[in-house]
Amino acid sequence: SVSLAIALCCWAIVTLWGCLWSVVWAIGFTTILRFTGVQPGLLAMVTRVLVGTSLWCGLDTLWSQGILYWPTVALTQSPNNLWLLQLNQLSGPSTTTALIVAVNGLLAEALFLRQVLSLQPRPALSPSLAQLSRSTALLMALALGAIAHGVGAWIYVHPTLPSPAPDNPVDTSLAIGLIQGNVPTRIKLTRAGIQQALNRYTTGYGELVSQGADLVVLPEGAIPLLWDASKINPVAEAVGDRHIPALIGTFALATTADIGQTRSSAITQSLLMVVPATPNDALTPPDEFFPESGPVSDVSVRQSASPGSSVRVMSQYNKVKLVPLGEYIPAAGILGAIVTRLSPIQSTMIPGTPNQVLQTPWGVAIAGICYESAFPELFRQQTLKGGEFIITAANNDPYSGAMMTQHHAQDVMRAIESDRWMVRVTNTGYSGVVSPRGDTVWRSQRNQPVTHLASIKRRQSRTLYVHWGNWLTPVLISLAGIMVMIQRLYWH
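Count along the sequence shown starting at 1, add 1, and that's the number in my numbering.
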């Protein structure tokens, strides 16, 4: 059928785009080697490794600016090597990426020299010199790996904790309740699915409030309805009755800030900070609620309470990195008509603006929704704007256990990079709590309804990565360029 053909075509495009990264790297690396020549000696070996590492990191940075990006499995398949991951505080994931590529590059050099000795009857290098170069490459690989783990272990053991002034003690603890609803996507938009979601999240909210939660968080799309302040739902009603805020994953109408003109069919995938209303809310101009929130993309952000409503939306975060074809249509002018005919969804989902700030009653939170966990720069920017803890929300229903683990690994890296506590709430798993060092304090079972009360700390520290971003990649590229020119001048 046409729909199957389109699905297979999209799968092929995504696969080829991922492969293109490696192909471009191989072509670029080979081109540079032809320019410099494959020369013997320590200088040439270091140059090759530096060129390969900087080129890979540069392509990684370039690919991360696009819509089809996912870090290499070398990072996400090994979330338990917390010593090495601490180095992400220096320059983000490019630090760990560079180390992995450099160590493997040195091992490749050693393997190459071994093949030279075994396959060439009269190699260009003397056997003794080739053996020395091979041993040097192996020792450098071991030394680089050992030093990296040693530095990471020191950072892990000696965390930088903020210390409040003795005469002005600040309680930074926060009790956050997580609700993993486990509402299957196949029924989520049906009448039965909507009712199941409302029942589970309302009941879970009440349980967590009774346990002492300061804030209750629901996953991405937990309320599969378009948010309407004039039509209160059971979860919002519970917030009004129990007077404990909730961060609710739902959908909201978009406005002119993002799309240039009002379109009733344009919506956003959003997290709404819903708080109890006060008698003065309906009389207070919306902008006065959060003067430091900055630019917003939707009218429902920073809105006052509707007349007679028991709750108001204090702040709103709209998903910036939408999933192509799953949440929006790339090249809508070309593909829009075809996909619309094959899809029952008539609304157009649009991305939020990158400069959003999610205000909470306790200060600024750092937010991410599902796919956004793969984009560290989104989290860094929110940390720079004063974010004190991280909340991510996801669905994860279509994912296997391995994919859920990989998604969890993304959030482990985001917590380490920004030195923040992380609370991740999903529909079907894995929900979890991650410390600033990357330790998974708690993780849920998958495909089960779960509630959990987590205790975290708000933090205001700033890592080198938060301050300077990915500074390592341009430094590596510059050094590689210098080494290439030195080698070319030396040999020619």
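Beta carbons: idealized from backbone N, C-alpha and C, even for Gly.
By the criterion of a C-beta distance shorter than 6 Å, Tyr318 is surrounded in its chain by Leu272, Gln357, Leu359 and Ala368, once the five residues flanking it on both sides are discounted. The residue among Thr269, Ala247, Arg243 and Val240 with its C-alpha nearest the C-alpha of Leu254 is Thr269. DSSP, read as helix, strand or coil, puts His244 in coil. Under the three-state reduction of DSSP output, Gly364 falls in the strand class.
When DSSP states are grouped into helix, strand and coil, Gly205 belongs to the helix group. Apart from the 5 residues on each side of it in sequence, Gly29 sits with its Cβ closer than 6 Å to the Cβ of Leu56 in its chain, given in chain order. In this structure, Val50 is the residue among Val50, Trp84 and Val365 with its C-alpha nearest to the C-alpha of Leu107. In the structure shown, Ala111 adopts helical secondary structure according to DSSP, grouped into three states. Leu199 has its alpha-carbon roughly 28 Å from the corresponding atom of Gly364. The three-state secondary structure of Phe390, taken from DSSP, is coil. For Thr62, the enclosing alpha helix (DSSP H) has its first and last residue at Leu43 to Trp64. Beta bridge pairing from DSSP links Ser456 with Ala176. Thr54 and Arg421 have their alpha carbons spaced roughly 29 Å apart. Of the other Cβ atoms in all chains shown, fewer than 16 fall within 10 Å of the Cβ of Leu9; this residue is therefore exposed.
C-alpha of Leu112 to C-alpha of Val102: approximately 15 Å in a straight line. A distance of 8 Å or more separates the beta carbons of Tyr206 and Ile233.
Boundaries for Pro377: no beta strand (DSSP E) harbours it, while the alpha helix (DSSP H) harbouring it runs Pro377 to Leu385, taken from the DSSP string.
In the displayed model, Gln461 falls within coil according to three-state DSSP, outside both helix and strand. Residue pairing by DSSP places Asn319 opposite Ser271 in a beta bridge.
Shown here, Ala278 sits in coil according to DSSP, grouped into three states, outside any helix or strand. Apart from sequence neighbours up to five positions away, the residues of its chain that approach Ala239 with a beta-carbon distance below 7 Å are Thr203, Tyr206 and Gly207, ordered along the chain. When the alpha-carbon of Leu86 is set against those of Ile478, His150 and Arg243, the nearest one is in His150. If you draw a straight line from the Cα of Val275 to the Cα of Arg243, it is about 12 Å long.
For the pair Trp12 and Ile392, the Cα-to-Cα distance works out to about 30 Å.
Counting only the Cα atoms, His408 lies some 19 Å from Pro450.
Here the C-alpha atom of Thr349 lies approximately 12 Å from the C-alpha atom of Leu323. In this structure, Trp472 keeps its C-beta atom at 8 Å or more from the C-beta atom of Ser134.
Counting of Cβ neighbours within 10 angstroms places Cys20 among the exposed residues, the total staying below 16. Nearest in C-alpha terms to Asn428, of all of Leu76, Gly250, Thr361 and Ser311, is Gly250. Val426 places its beta carbon 8 Å or farther from that of Ile457. In terms of Cβ geometry, Glu378 and Arg459 do not form a close pair [threshold 8 Å]. Under the three-state reduction of DSSP, Thr251 is assigned to strand. Look at Pro325 here: in three-state DSSP terms it is strand.
Under the DSSP assignment, Arg444 falls in the beta strand (DSSP E) whose first and last residues are Thr441 to Arg444. In the structure shown, Arg35 adopts helical secondary structure according to DSSP, grouped into three states.
Here Gly430 really is in contact with Asn397; their C-beta atoms are around 6 Å apart, less than 8 Å.
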